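Comments concern the structure below.
Number of protein chains: 2
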Amino acid sequence: MKSLTQNSIKIGILGGGQLGWMMILEGRKYPFAFYVMDEPEAPACKVADKCFTPDDYKKMIDEVDVVTFEFEHVKEEALQYAEDQGKLLPRLNTVELKRERWKEKTYYKEHNLPTPRFYIANDGEEALRILKDEFNNVGVLKQSRGGYDGKGQYFIKGDVEKYGFIKDMKCKFVVEEFVNFNYEASIIAVRDRNGNFKAYPPTFNYNEKGILVYNYGPLKDNRFAEIAKRLMDSLEYVGTIGIEFFVRDGEILINEFAPRVHNTGHYTLDAAFVSQFEQHLRAITGLEIGATELLSYGGMVNILGTDNVPLEVLKYGKVYWYGKKEVRKRRKLGHVNVVGSNLEDVKQKIDIIMKLIYPQGLDL
Amino acid sequence: MKSLTQNSIKIGILGGGQLGWMMILEGRKYPFAFYVMDEPEAPACKVADKCFTPDDYKKMIDEVDVVTFEFEHVKEEALQYAEDQGKLLPRLNTVELKRERWKEKTYYKEHNLPTPRFYIANDGEEALRILKDEFNNVGVLKQSRGGYDGKGQYFIKGDVEKYGFIKDMKCKFVVEEFVNFNYEASIIAVRDRNGNFKAYPPTFNYNEKGILVYNYGPLKDNRFAEIAKRLMDSLEYVGTIGIEFFVRDGEILINEFAPRVHNTGHYTLDAAFVSQFEQHLRAITGLEIGATELLSYGGMVNILGTDNVPLEVLKYGKVYWYGKKEVRKRRKLGHVNVVGSNLEDVKQKIDIIMKLIYPQGLDL
């Protein structure tokens, strides 16, 4: 390919949530066609060129040039088939780490990437025993499979008697130290097919009950990007990644990574020239990735479980409303991006928007 | 309306070119539905919720809450019908100034807005006579109707014998002094339903044969915004406007205005937080307009009459490819946005992109 505009690249996206929706909106300026695998009412399906039900995954994958995903826990057969056709990016080696927490954690350890101290337990009984023996009953039990947005995680702070039900659980667990962090942070980075790497500045994140509420940045610390580069190079990763960290007394520890565009990177739609979504599309289609320097301080507030978005919010930010069918508790329905002239300015706008959207406080 | 997201606003756009296309892409984050009047292969129709042929204009206008246009020379019956239904924004008084150049020029004069010296001629013969008597055969003859992108304009510099054919033209003309400008400039401004006004910083523009080739900014001079405010207030304008100027020895003169989003405002997609397109949608739907301060120095290069867009362009900018069916000489097929740390940086990137896209030079 010599001219960008003399061919159209067909991109298949597995999963049709808001991440796919933003990927398409950001990619519309390029001569790409977007095919999405999800139900027709999914946000991304509504802006796609073609929508395929999960049953039709083979048809979609056969028709496109490259396949990516907006959610790593999407139909496994579809991921496998796309990998077998040599079309999946990022590749299955990366997705596999996310299928089992113990694999992800072990990968960090083997690659000398900093992460909280952990043990692997084969069932609930062993998990509780390790918690007692190694962590004096203060720690986190995480089911190895199927956990995201705080699901399948138990934060135990001595009150172990409340968690007796875990004893009968037959699944694998990761048992982890409880990190009394100063703050949480994340970094969004991108790596292209030739191994070129770029990272946005990290951000300060505020999570509640396992869900991101808001984040803002930049957080100026090069160590995050160094870790991201080591992780991505070792995986031969292609695309955008999001890596979440705990910061404790100046020490940085990987909490987990997401092998895709990430909620903490939504601010790049406005505070950066090239967004995390466009970077992902550039990387997987073999195009040159763009600059990741911020144009401005920026941040984001999630709209969770409510459609109360007072008009006044527009004084301070831009609203991204995903157009989901139903308002449900804890559901990510949209977000508000803000920019500002310094961190305090951004944080103040976030505080105002929080009060406007959640006048009674957050209910997660 | 108290919450932005508890209602969906239906917006009708007359005309389906790239300006409508970007309006929709920028508006997709809001709970708006977009209906477009144009042929199905038009860029905006491809991303609209519904597309109506020009014959069906009444049906479209009846179904939507507010009607706007992306091109002022669109089907007159549709503009009139939308105005009659009280749905057209900006209103018909503004469009009417654009139907006849003599009305637009007279409006400037009556409102004491600076514009090049001009006379109105009832036909070609009178126009040539005025050119001789008042301007010593050096000036610009502009047909009063139907001119844009340099069409219907004759720049005569003494070589009047070449323009004998004008003598037989029976249409009205505006005969204008030839402005030997130092540079051309423009400003993008927005005014909401309550009369609130905001303007982006002006930009330096480079036109060739009546078509914008590139522009960049900010140009720091408050006089442009003052003129924009006076013009918009006097028209009770609602929406985004683009006003083009000549700058001659420090004096600024309005060349013309466009009652819509404008090619010289495309850079606001990337160098500003809220783009000219989003501002227009906010203004016509009764939402609060956003900040117009730039996040960065920025600029734009038009892709005219070629689909040669080397991949290297992505090193310097973001490509907006409109997806038009055919490459035609002088046709606007896309544009490239750039940002930079100062004017020189932006201008250097523009120069590089110009050489990449037009290796043999521009052919307009």
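So the sequence lines, in the order shown, correspond to chains A and D. Here the first sequence is numbered in UniProt numbering, starting from 1 and rising by one per residue. Here the second sequence is numbered in UniProt numbering, starting from 1 and rising by one per residue. Built from N, CA and C at the ideal position, the CB exists for glycine as well. As the structure is a prediction and not an experimental result, all values here were calculated from the model.
key: 6 Å CB neighbourhood of PHE155(D) in its chain, flanking five on each side removed   = The residues are VAL140.
query = When the Cβ atoms of the segment 280 to 292 of chain D are set against those of the segment 187 to 201 of chain D, are three or more pairs found closer than 8 Å?
reply = Yes, since at least three Cβ pairs between the segment 280 to 292 of chain D and the segment 187 to 201 of chain D fall closer than 8 Å, the two stretches touch.
query = Mind pulling the chain A residues with CB within less than 8 Å of LYS318(D)?
reply = For LYS318(D), the chain A residues whose C-beta falls within less than 8 Å of its own C-beta are LYS29, PHE273, VAL274, GLU278, GLY290, listed in chain order.
key: Stretch pair the segment 216 to 223 of chain A + the segment 306 to 326 of chain A: three plus CB contacts closer than 8 Å   = No: the two stretches stay apart, fewer than three of their Cβ pairs being nearer than 8 Å.
ask   = Is ARG129(D) helix, strand or coil when you go by DSSP?
value = In this structure, ARG129(D) counts as helix in the three-state DSSP scheme.
ask   = Considering only C-alpha positions, which residue in the set GLN18(D), ILE13(D), LYS324(D), TYR57(D) is nearest to PHE32(D)?
value = A check of alpha carbon separations from PHE32(D) across GLN18(D), ILE13(D), LYS324(D), TYR57(D) identifies ILE13(D) as the nearest.
ask   = Taking the alpha-carbon positions, what's the MET37(A) to TRP102(D) distance?
value = Going by the C-alpha atoms only, they are around 55 Å apart.
query = Contact between the segment 313 to 324 of chain D and the segment 232 to 251 of chain D: three or more CB pairs below 8 Å?
reply = The segment 232 to 251 of chain D and the segment 313 to 324 of chain D do not touch, with fewer than three beta-carbon pairs separated by less than 8 Å.
query = Which value, in whole angstroms, describes the spacing of the CA atoms of PRO54(D) and ALA78(D)?
reply = Approximately 8 Å between the Cα atoms of the pair.
task = Select from the segment 339 to 354 of chain A all residues with a C-beta closer than 7 Å to any C-beta belonging to chain D, and list them in chain order.
result = Cβ contacts with chain D: VAL339.
inquiry  = For the alpha helix (DSSP H) containing LYS229(A), name the first residue and the last one.
reply    = That run of the alpha helix (DSSP H) goes 223 to 235.
inquiry  = In whole angstroms, give me the CA-to-CA distance for GLU39(A) and CYS45(A).
reply    = The alpha-carbon atoms of GLU39(A) and CYS45(A) are separated by roughly 7 Å.
ask   = LEU25(A) by DSSP, collapsed to three states: which one?
value = Looking at LEU25(A) - three-state DSSP - the assignment turns out to be helix.
key: Beta-bridge partners of TYR119(D), as assigned by DSSP   = The secondary-structure analysis by DSSP pairs TYR119(D) across a beta bridge with VAL175(D).
request  = Specify the secondary structure class of GLU256(A) as computed by DSSP and reduced to three states.
outcome  = Assignment of GLU256(A) by DSSP, reduced to helix, strand and coil, places it in the strand class.
query = Where does HIS280(D) fall in DSSP's three states?
reply = Helix at HIS280(D).
task = For ILE9(A), collect the residues of the same chain with a Cβ closer than 6 Å to its Cβ; drop the 5 residues on either side in sequence, then sort them by chain order.
result = If we look at ILE9(A) and ignore the five residues flanking it on each side, its Cβ neighbours are PHE32, ASP65, THR285.
task = Use the C-beta contact count for GLY27(A): other C-beta atoms within 10 angstroms, 16 or more gives buried, fewer gives exposed.
result = In this structure GLY27(A) is buried. Its beta-carbon is surrounded by 16 or more other beta-carbon atoms within 10 angstroms.
task = Using a Cβ cut-off of 8 Å (strictly closer), state whether LEU362(D) contacts chain A.
result = No, LEU362(D) lies away from the interface with chain A (no Cβ there is under 8 Å from its Cβ).
inquiry  = Is the beta carbon of HIS266(D) closer than 8 Å to that of MET300(D)?
reply    = In contact: MET300(D) and HIS266(D) (Cβ atoms closer than 8 Å).
ask   = Using a C-beta to C-beta distance shorter than 7 Å, which residues of chain A count as neighbours of ASN263(D)?
value = Near ASN263(D) there are no residues of chain A at all, since even the closest Cβ is about 15 Å away, more than 7 Å.
request  = Output yes if chain D places a C-beta closer than 8 Å to the C-beta of GLN6(A); else output no.
outcome  = Output row for GLN6(A): interface = yes.
Length of the line joining the Cα atoms of LYS16(A) and GLN153(D) = The sequence shown places Gly at residue 16(A), rather than the Lys named in the question. GLY16(A) and GLN153(D) have their alpha carbons spaced roughly 50 Å apart.
request  = Would you check if the segment 164 to 173 of chain D and the segment 121 to 130 of chain D touch, i.e. whether three or more CB-CB distances between them fall below 8 Å?
outcome  = Because the criterion of three Cβ pairs below 8 Å is met, the segment 121 to 130 of chain D and the segment 164 to 173 of chain D touch.
key: Neighbour list for PRO310(A) in chain D, Cβ cutoff strictly below 8 Å   = Neighbours of PRO310(A) on chain D, chain order: LYS2, SER3, LEU4.
query = Pick from ALA127(A), LEU128(A), LYS105(A), GLU125(A): whose alpha carbon is nearest that of ARG117(A)?
reply = Ranking ALA127(A), LEU128(A), LYS105(A), GLU125(A) by Cα distance to ARG117(A) puts LYS105(A) first.
inquiry  = Looking only at its chain, what residues have a beta carbon closer than 8 Å to the beta carbon of PRO114(A), apart from the 5 residues adjacent to it on each side?
reply    = Shown here for PRO114(A): same chain residues with a beta carbon closer than 8 Å to its own, the five before and five after excluded, namely TYR108, ILE227, GLU251, ILE252, LEU253, ILE254 in chain order.
task = Report the residue from GLN143(A), LEU128(A), ARG145(A), LYS229(A) whose alpha carbon sits nearest the alpha carbon of ASN137(A).
result = Selection GLN143(A), LEU128(A), ARG145(A), LYS229(A) evaluated against ASN137(A) yields LEU128(A) as nearest (Cα-Cα).
ask   = Could you give the distance in angstroms between the alpha-carbon of GLU125(D) and the alpha-carbon of GLN143(D)?
value = Rounded to the nearest angstrom, the gap between the Cα atoms of GLU125(D) and GLN143(D) is 12 Å.
ask   = Between GLY86(A) and LEU231(D), what straight-line distance do the alpha-carbon atoms span, to the nearest angstrom?
value = Each residue's alpha carbon lies about 59 Å from the other.
task = For GLY323(A), return the contacting residues in chain D, with the cut-off set at a CB-CB distance below 8 Å.
result = Scanning chain D for C-beta atoms nearer than 8 Å to the C-beta of GLY323(A) yields PRO31, reported in chain order.
query = With burial defined as no fewer than 16 other Cβ atoms inside 10 Å of the residue's Cβ, what is the status of SER341(A): buried or exposed?
reply = Flag for SER341(A) reads exposed.
ask   = With respect to the alpha helix (DSSP H) encompassing TYR320(A), which residues constitute its N-terminal and C-terminal limits?
value = DSSP places TYR320(A) in no alpha helix (DSSP H) but in the uninterrupted beta strand (DSSP E) bounded by 318 to 321.
request  = State the start and end residues of the unbroken alpha helix (DSSP H) segment that holds ALA271(D).
outcome  = In this chain, the alpha helix (DSSP H) harbouring ALA271(D) covers 268 to 271.
task = Could you check how far apart the C-beta atoms of THR264(D) and ASN337(D) are, in whole angstroms? I think they sit under 8 Å.
result = In this structure THR264(D) does not touch ASN337(D) by the C-beta definition: roughly 12 Å separates them, more than the 8 Å allowed.
query = Under the rule that 16 or more other beta-carbon atoms within 10 Å means buried, what is LYS2(D), buried or exposed?
reply = By the 10 Å Cβ count, LYS2(D) comes out exposed.
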